[in-house]
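Report on the following structure.
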């Protein structure tokens, strides 16, 4: 795992990004893959940390799976609500334990989020036996990436094994540029 010299960014940083014509088109393969993972879990009920613009939240809602998602970007949440007004999106900080209540979920997803914050602080707040699906990139094209995955199997297992049993890992992307990969993993919180 590579630790960058970047710093955590405030909500205003993401508000500015989302206020422009930010596109999630590059993440559609990831979202479809994650949906397949969620559908394999018995009676899934999903909490999403860092729901961004709401794309996968809408997919989960459209599959009639209970869902709620939060993000600390007010602009992002406004766009989520425009995309899918009947879905439970709310403004919330990942470090606030109240955003994880009630514990009516058995799946937590954090896609393209963990590298932007103190991931261990977040993981420690999750209830035991919860399925966790997360992703981490191997490229540093973003001033807000705090960590990058270089050797995915080693990095992910070493980083997260204290708090979860990692049961599967996948490398996605890289079709145009093999150096631009996302590493997706599924674990069960201890």
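Residue numbers (my numbering): -13 to 176. Here a beta-carbon is modelled for each residue, glycine too, at the ideal position from N, C-alpha and C.
Does DSSP put residue 172 in a helix, a strand or coil? On the chain shown, residue 172 is found 186 positions in, with the first residue counted as 1. The answer is strand: DSSP assigns residue 172 an E or B state.
Within the continuous beta strand (DSSP E) that includes residue 150, where are the two ends? Looking up residue 150 in the chain shown gives position 164. First-last of the beta strand (DSSP E) with residue 150: 150 to 159.
Distance between residue 70 and residue 42 (C-alpha atoms, nearest Å): Taking the chain shown and counting its residues from 1, one reaches residue 42 at position 56. Taking the chain shown and counting its residues from 1, one reaches residue 70 at position 84. Looking at the two C-alpha atoms, the distance is approximately 11 Å.
Are the beta-carbon atoms of residue 97 and residue 39 separated by less than 8 Å? In the chain shown, the residue the question calls residue 97 occupies position 111. In the chain shown, the residue the question calls residue 39 occupies position 53. Cβ atoms of residue 97 and residue 39: not closer than 8 Å.
Does the separation of the CB atoms of residue 20 and residue 95 fall below 8 Å? Position 34 of the chain shown, counting from 1, holds the residue named residue 20. Position 109 of the chain shown, counting from 1, holds the residue named residue 95. Yes, they are a contact pair.
Residue 33 and residue 86: beta carbons closer than 8 Å? On the chain shown, residue 33 is found 47 positions in, with the first residue counted as 1. On the chain shown, residue 86 is found 100 positions in, with the first residue counted as 1. Going by C-beta atoms, residue 33 is nearer than 8 Å to residue 86.
What is the residue span of the alpha helix (DSSP H) that residue 47 lies within? Translated into positions along the chain shown, residue 47 becomes position 61. Element bounds for residue 47: 41 to 48.
Extent of the continuous beta strand (DSSP E) to which residue 53 belongs: Locating residue 53 in the chain shown gives position 67, counting from the first residue. Where residue 53 is concerned, the enclosing beta strand (DSSP E) stretches over 53 to 57.
On the DSSP bridge assignment, give the partners of residue 145 in chain order. As a working mapping, residue 145 is identified with position 159 in the chain shown. Answer is none; residue 145 lacks a bridge partner.
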